Structures are given as structure tokens and as C-alpha cells.
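Q:
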Amino acid sequence: MNRKSLVIFISIVLVIAFISALGIFGLNIGDKTVPKAKDAISLGLDLSGGVYVLLEAETDASGQELNRYMEQAKAIILQRVDGLGLSDPNVAIEGSDRIRVELAGLNDAEQALQLIGKTAQLEFVDPDGKVVLTGKNVVESIVNYHQNQLKGSEPVVSLEFDSEGAELFEQATSRLSVEQELERKILTIKLDGEVISAPRVNETISGGKAIITSSSMTIEEAQKLATLIKAGALPVPMKELTSSVIGPTLGLDAYEKSVLAIGIAMILIMIILLIVYRLMAIPACLSLLVYTQIIVAFFILLKVKITLPGIAGLILSIGMAVDANIVIFERIIEELKTGKTTKAAIKAGYHKALSTVIDSNITTLIAGAVLYFYGIGPIKGFGITLILGIVASMFTAVFLTRWLLNLMTDFIKVKSIKSMGA
Numbered sequence: 001m002n003r004k005s006l007v008i009f010i011s012i013v014l015v016i017a018f019i020s021a022l023g024i025f026g027l028n029i030g031d032k033t034v035p036k037a038k039d040a041i042s043l044g045l046d047l048s049g050g051v052y053v054l055l056e057a058e059t060d061a062s063g064q065e066l067n068r069y070m071e072q073a074k075a076i077i078l079q080r081v082d083g084l085g086l087s088d089p090n091v092a093i094e095g096s097d098r099i100r101v102e103l104a105g106l107n108d109a110e111q112a113l114q115l116i117g118k119t120a121q122l123e124f125v126d127p128d129g130k131v132v133l134t135g136k137n138v139v140e141s142i143v144n145y146h147q148n149q150l151k152g153s154e155p156v157v158s159l160e161f162d163s164e165g166a167e168l169f170e171q172a173t174s175r176l177s178v179e180q181e182l183e184r185k186i187l188t189i190k191l192d193g194e195v196i197s198a199p200r201v202n203e204t205i206s207g208g209k210a211i212i213t214s215s216s217m218t219i220e221e222a223q224k225l226a227t228l229i230k231a232g233a234l235p236v237p238m239k240e241l242t243s244s245v246i247g248p249t250l251g252l253d254a255y256e257k258s259v260l261a262i263g264i265a266m267i268l269i270m271i272i273l274l275i276v277y278r279l280m281a282i283p284a285c286l287s288l289l290v291y292t293q294i295i296v297a298f299f300i301l302l303k304v305k306i307t308l309p310g311i312a313g314l315i316l317s318i319g320m321a322v323d324a325n326i327v328i329f330e331r332i333i334e335e336l337k338t339g340k341t342t343k344a345a346i347k348a349g350y351h352k353a354l355s356t357v358i359d360s361n362i363t364t365l366i367a368g369a370v371l372y373f374y375g376i377g378p379i380k381g382f383g384i385t386l387i388l389g390i391v392a393s394m395f396t397a398v399f400l401t402r403w404l405l406n407l408m409t410d411f412i413k414v415k416s417i418k419s420m421g422a
């Protein structure tokens, strides 16, 4: 018996068991907390709840011009969502003239719906109706506090213009400040054609900075306005085709049941493997645990949002990981029946089964890549889960299981091929 192989094998088993327990139960050490794996994974819209909006561009543009407009609109919507403090929003161009927005885990869905749908056409208009400058000249828009003699501190929106905007703004305020009639001193600020402020210009404002004030503006309204102004105008009008607010209760219940189902399925698979392949099944069961750990690590580290279709992809890839082991084991059994030694049978079995395993996984990998790159929403989630699963299963089935099997045969003397499932 090779004691070194035995020690290595037992050490591997203990490490796998520790990581599995850590993922299932989590860990608390003083003020440091390692959450449960299922709690650390980011959930998609169908599991955590949130808001879904489908927008369509209202334009006659086509070809490269339309593509440019859609990319600009996508970037602006992302910027607006970031202004709300959201993390990992899913904003994707769907088809040629539609944008799909998914905001998982959002608490204030109505605010997001209103914000996303806004066109944010900001204009500074003089008393003659002439547009002095627009939102494209605004380079910064943030919320500050201004001291009011009557009300004390009140929120304001501080604006900063680019060089062109600073010059235009200075010219406009210089011209209006010398007007004799009060109504001729007003520089109206419009957002989407609606007046949001109508300040009176009493002096020339230079330096490219200004503030928007309102006696009734709350901090929430100021933050929302600042976000819209900073995001700028959408290059083309967008109409809302459909929108929905998804509650998390049903999705979370499905997530919990899916996790339980995966656990039960893995236990049943291991039992069947042990019954059919006996000693050979031990490395396969350990590899299946490692496979699951790798997939969960992928989800957490890469911040992949798991969806219900994604869970389906995970279950499918688990089945393929087991299928690869079965193909290899059957080849090993064929070699054992010819009278070869255990080591020789393992080597020959892997050599003969490798091409079959690689071919089947590559075809599935291609399908997953197509789903990921050309799919949308849940289909993309299914694709990425399938890809990660295939990569992990190739490692565990082809390399890890073989290594563990060779280690095990170093310290276990196989007296009968029946103990290997033959």
C-alpha cells in the first residue's frame, strides 16, 4: 500500500468536505462572516424581483445610423440607472430598435420606470423662445445644499457647463441682466418641454457654473433631477412597449426548491454511481462535489446573476459531467475484461473515451456560446451557465477523476474486477 497516496487522497477528501460544509452552512469567526453559497450568489430578475421595461426607438433611421443611436441610448440609460445607485443592471439592445432593461432587486420600481422612460431634453430658453444652450453642454450635475435665509439649508442642483456652454450661458445672462422689464430677465429652464425653473437673471454669470433652486424641491426630487440632467438627452425618442414589476416571493420560493432539488439529485446520482461502479464511483462522486464548488465559485466571483433558466442549465451540465464519467468508466471496464491490470485499464479507458467526451462537450459548448452571444435575458443566462458547466465538467471528469482514481488504486489492491463494476 502506498501511504503517500493514501495521505494525499484523505487530505483531498477533507478539503472537499470542508469547502462543501462552508458553502452549505457558512462560517462566523468573530466579526468576519462567510455567507452561505446560496446567499452569496446574485439572483436574476425572475428570482429576486424588480422591474422589466422594453423600449422601442421612434425613428426612421436605419443601418449604421440606427446602430449608433441605439448604442448611445443604451449608454445613457445605463448612466441613469447608475444614478439611482443600482448594481449590475441588465440593459441590452434587442433586435435593431429595441432596448430591454432588467433591474433585479430594485425596491422603488415605479421611480425606475419613470426615470428610464424620460427623454431628458434639457433646454435653456430666453424670453424670445430661443434655445440658448441644451443638455449636451452640461458636463456635471450634482446635488448640493444652499443656505436660505428663511428656510436654512435647502437642496439645489449644481450645474457645470463645457467651454461652449459656459460662453453661451455668460452671453445670455449678460444680455438678460440689463433688460428693464422683469419678464425679459427670465431664463426659462425646460425639461422635456416642461418648465422646471424660471430664474430671474440679475447679473452676468461667468465661470461656467450655475445652480437650479426651487422653494419646494425635496432632496429626492433634486437627486432625480440631477441624474436626468447629467444623463443627457436620448438621441431618439423611446416609447415604452411593455413594462412590469415582478415580485420576488414566487421566484425566491422556486430558487429554494431548485437548490434543494439539485442537492437531492446529486445524492441520488452518487448512490447510483456507487451501486453500479463501486470503487470507481468514489473519485467520480468527489469530482462531482468539486464540480459544484467550481460552478458556485464562478457565480460568486464573476457576479453571474442566476436565473431559473440558468439553474436549468446548471442541472443539465451536472448530467453531462456524470455522463462523461460513465462513458470513461465503461471503457475502463471493457479493458479490465480483457485481462489488463487496473492501472493499464484506466490509462487505456481514458485514452479511448477521451475523443468521445471532448466531441460531445464541444458541440454543447458551441450551442451554449450561440445562446449567450445571440440570446437575450433568460436565454443568455442559460447559455452562460451551460458554458461554465461544460468547462468545469471537462476539468473534473477528464483530469480530476483520473488523478483521484490513480491515487486510490495506489493504496487499494483490486482483487476482483467486480469491485470496479465489471
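My numbering puts the first residue of the sequence shown at 1, with every later residue one more than the last. Idealized CB from N, CA, C, for every residue including glycine. All values derive from a computational prediction rather than experimental measurement.
Taking residue 365 as part of the alpha helix (DSSP H), name the residues at either end of that continuous run.
A: As a position in the sequence shown, residue 365 is number 365, starting the count at 1. Where residue 365 is concerned, the enclosing alpha helix (DSSP H) stretches over 342-374.
Q: Is the segment 301-316 close to the segment 385-392, with three or more CB pairs under 8 Å?
A: The answer is yes - the segment 385-392 touches the segment 301-316, with three or more Cβ pairs under 8 Å.
Q: With respect to the beta strand (DSSP E) encompassing residue 319, which residues constitute its N-terminal and C-terminal limits?
A: As a position in the sequence shown, residue 319 is number 319, starting the count at 1. From DSSP, residue 319 is part of no beta strand (DSSP E) but of the alpha helix (DSSP H) over 308-337.
Q: Figure out for me which residue from 172, 6 and 41 has the closest Cα to the Cα of residue 302.
A: Within the sequence shown, residue 302 is the residue found at index 302, counting from 1. Residue 302 has its Cα closest to that of 41, out of 172, 6 and 41.
Q: Between which residues of its own chain and residue 295 is the CB-CB distance below 7 Å, once the five residues before and five after are set aside?
A: Numbered from its first residue, the sequence shown carries residue 295 at position 295. Excluding positions up to five away in sequence, the list reads 314, 388, 389 and 392.
Q: Does DSSP classify residue 288 as helix, strand or coil?
A: Stepping through the sequence shown from its first residue, residue 288 is reached at position 288. In this structure, residue 288 counts as helix in the three-state DSSP scheme.
Q: Less than 8 Å between the C-beta atoms of residue 305 and residue 44, yes or no?
A: Here residue 305 refers to the residue found at position 305 of the sequence shown. Here residue 44 refers to the residue found at position 44 of the sequence shown. Contact: yes.
Q: Using a C-beta cutoff of 8 Å, does residue 164 count as contacting chain B?
A: Here chain B cannot be found, since the structure has a single protein chain.
Q: Taking the alpha carbon of residue 72 as the reference point, which residue from 293, 98 and 411 has its own alpha carbon closest?
A: Position 72 of the sequence shown, counted from the start, is the residue given in the question as residue 72. The shortest Cα separation from residue 72 among 293, 98 and 411 belongs to 98.
Q: Quick one: is residue 208 buried, meaning 16 or more other Cβ sit within 10 Å of its Cβ, or exposed?
A: Position 208 of the sequence shown, counted from the start, is the residue given in the question as residue 208. Buried, since its Cβ has 16 or more Cβ neighbours within 10 Å.
Q: Rounded to a whole number of angstroms, what is the C-alpha to C-alpha distance between residue 47 and residue 319?
A: In the sequence shown, residue 47 corresponds to position 47, counting from 1. In the sequence shown, residue 319 corresponds to position 319, counting from 1. Whole-angstrom Cα-Cα distance: 23 Å.
Q: Where residue 28 and residue 297 are concerned, what is the direct C-alpha to C-alpha distance, given to the nearest angstrom?
A: Position 28 of the sequence shown, counting from 1, holds the residue named residue 28. Position 297 of the sequence shown, counting from 1, holds the residue named residue 297. Whole-angstrom Cα-Cα distance: 19 Å.
Q: Tell me where the alpha helix (DSSP H) around residue 304 begins and ends.
A: Working through the sequence shown from its first residue, we reach residue 304 at position 304. No alpha helix (DSSP H) holds residue 304; DSSP gives it neither H nor E.
Q: Out of 201, 134 and 139, which one is the CA nearest neighbour of residue 193?
A: Translated into the one-based positions of the sequence shown, residue 193 becomes position 193. When only C-alpha atoms are compared, the closest one is 134.
Q: Could you compute how far the alpha carbon of residue 204 sits from the alpha carbon of residue 300?
A: On the sequence shown, position 204 is the one that residue 204 refers to. On the sequence shown, position 300 is the one that residue 300 refers to. C-alpha separation (whole angstroms): 55 Å.
Q: From this set, 206, 210 and 197, which residue's C-alpha is nearest residue 216's C-alpha?
A: One-based indexing of the sequence shown puts residue 216 at position 216. Considering only alpha carbons, the answer is 197.
Q: Give the straight-line distance between the Cα atoms of residue 280 and residue 405, rounded to the nearest whole angstrom.
A: Translated into positions along the sequence shown, residue 280 becomes position 280. Translated into positions along the sequence shown, residue 405 becomes position 405. Each residue's Cα considered, the two are about 7 Å apart.
Q: Rounded C-beta distance between residue 218 and residue 155? I'm assuming under 8 Å.
A: As a first step, residue 218 must be located in the sequence shown, where it is residue number 218. As a first step, residue 155 must be located in the sequence shown, where it is residue number 155. Yes, residue 218 and residue 155 are in contact; Cβ-Cβ is about 7 Å, under 8 Å.
Q: Start and end of the beta strand (DSSP E) containing residue 57?
A: Looking up residue 57 in the sequence shown gives position 57. Residues 50-57.
Q: Are the CB atoms of residue 94 and residue 50 nearer to each other than 8 Å?
A: The residue you call residue 94 lines up with position 94 of the sequence shown. The residue you call residue 50 lines up with position 50 of the sequence shown. In this structure, residue 50 does not lie closer than 8 Å to residue 94 by Cβ.
Q: DSSP three-state call for residue 70: helix, strand or coil?
A: One-based indexing of the sequence shown puts residue 70 at position 70. If DSSP states are grouped into helix, strand and coil, residue 70 belongs with the helices.
Q: Taking the CB atoms as reference points, tell me whether residue 124 and residue 187 lie closer together than 8 Å.
A: For this step, residue 124 is matched to residue 124 along the sequence shown. For this step, residue 187 is matched to residue 187 along the sequence shown. Closer than 8 Å, so yes.
Q: What are the start and end residues of the alpha helix (DSSP H) that includes residue 187?
A: Translated into the one-based positions of the sequence shown, residue 187 becomes position 187. Element bounds for residue 187: n/a, residue is neither H nor E.
Q: For residue 346, which option in 161, 410, 14 and 365 has the closest C-alpha, if you only look at C-alpha atoms?
A: Within the sequence shown, numbered from 1, the residue matching residue 346 stands at position 346. Looking at the Cα atoms, 410 is the closest of the given residues.
Q: So, under 8 Å CB-CB, residue 142 and residue 226 are touching, yes? Tell me the CB distance rounded to an integer number of Å.
A: Taking the first residue of the sequence shown as position 1, residue 142 is located at position 142. Taking the first residue of the sequence shown as position 1, residue 226 is located at position 226. Contact flag correct, Cβ pair sits at about 6 Å.
Q: I'd like to check one pair, residue 183 with residue 206: are the Cβ atoms closer than 8 Å?
A: As a first step, residue 206 is located in the sequence shown; it is residue number 206 there, counting from the start. As a first step, residue 183 is located in the sequence shown; it is residue number 183 there, counting from the start. No, these two residues do not count as a Cβ contact at 8 Å.
Q: Verify whether the separation of the beta carbon atoms of residue 243 and residue 372 is less than 8 Å.
A: Taking the first residue of the sequence shown as 1, we reach residue 243 at position 243. Taking the first residue of the sequence shown as 1, we reach residue 372 at position 372. No, they are not a contact pair.
Q: My parser needs the beta strand (DSSP E) runs of 3 or more residues fully inside the segment 146-227; what are they?
A: As far as the segment 146-227 is concerned, its whole beta strand (DSSP E) runs of at least 3 residues are 152-161, 188-191, 194-197 and 209-212.
Q: Taking residue 70 as the reference, give the member of 330, 96 and 127 with the closest Cα.
A: Taking the first residue of the sequence shown as position 1, residue 70 is located at position 70. Nearest option by C-alpha distance: 96.
Q: In angstroms with no decimal places, state the Cα-to-Cα distance between residue 277 and residue 382.
A: Within the sequence shown, numbered from 1, the residue matching residue 277 stands at position 277. Within the sequence shown, numbered from 1, the residue matching residue 382 stands at position 382. If you take the alpha carbons of residue 277 and residue 382, they lie about 31 Å apart.
Q: Taking the alpha helix (DSSP H) that residue 40 belongs to, which residues open and close that run?
A: Position 40 of the sequence shown holds residue 40. Run containing residue 40: 37-40, per the alpha helix (DSSP H) assignment.
Q: Tell me where the beta strand (DSSP E) around residue 29 begins and ends.
A: The residue given as residue 29 occupies position 29 in the sequence shown. Residues 27-29.
Q: Whose C-alpha, out of 146, 416 and 63, is nearest the C-alpha of residue 341?
A: Within the sequence shown, the letter at position 341 stands for residue 341. With distances taken between Cα atoms, residue 341 lies closest to 416.
Q: Do you know offhand how far residue 10's Cα is from residue 30's?
A: By one-based count along the sequence shown, residue 10 stands at place 10. By one-based count along the sequence shown, residue 30 stands at place 30. Spanning the two alpha carbons is a distance of roughly 29 Å.
Q: Provide the residue span of the beta strand (DSSP E) that contains residue 242, from first to last.
A: On the sequence shown, position 242 is the one that residue 242 refers to. First-last of the beta strand (DSSP E) with residue 242: 238-246.
Q: By DSSP's criteria, residue 141 is part of a beta bridge. Which residues make up the other side?
A: On the sequence shown, position 141 is the one that residue 141 refers to. Beta-bridge pairing links residue 141 to 159.
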